[in-house]
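Residue numbers (our numbering): 6 to 78.
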């Protein structure tokens with residue numbers, strides 16, 4: 006893996022943790038450093054950082070708060 010690609014992993018702890026868990030990606034990144042974008046997409050799915058995941062989480066929180074308010078009343 007070249008230094009530029011590896012520096013991206015050092016900047017982001019979640020990327021580094023996923024690389025440790027899925028070490029087969031090291032071979033892929035050595036062969037094709039451009040595949041880091043695919044790796045990042047998979048990391049966002051794993052850690053639920055996509056915009057749709059964030060919206061669903063906010064909706065779930067609103068539902069939880071409304072059910073608590075309904076229970077109190």
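Ideal placement from N, C-alpha and C gives every residue a C-beta, glycine not left out.
All values derive from a computational prediction rather than experimental measurement.
Give the secondary structure of residue 37 by DSSP, where H, G and I count as helix, E and B as strand, and everything else as coil.
coil
Would DSSP call residue 6 helix, strand or coil?
coil
Less than 8 angstroms between the beta carbons of residue 76 and residue 41, yes or no?
no
Would the segment 33 to 49 count as touching the segment 59 to 70 if we require 3 or more Cβ pairs under 8 angstroms?
no
Less than 7 angstroms between C-beta atoms, sequence neighbours within five positions excluded: which residues of the same chain meet that for residue 48?
19, 20, 23
Pull up the CB-CB distance for residue 35 and residue 6, whole angstroms please, since I reckon it's below 8 angstroms.
Yes, they are in contact, since the Cβ atoms of residue 35 and residue 6 sit about 5 angstroms apart, within 8 angstroms.
From residue 52 to residue 78, what does the alpha carbon distance come to, in whole angstroms?
Cα atoms of residue 52 and residue 78: separation of roughly 36 angstroms, rounded to the nearest angstrom.
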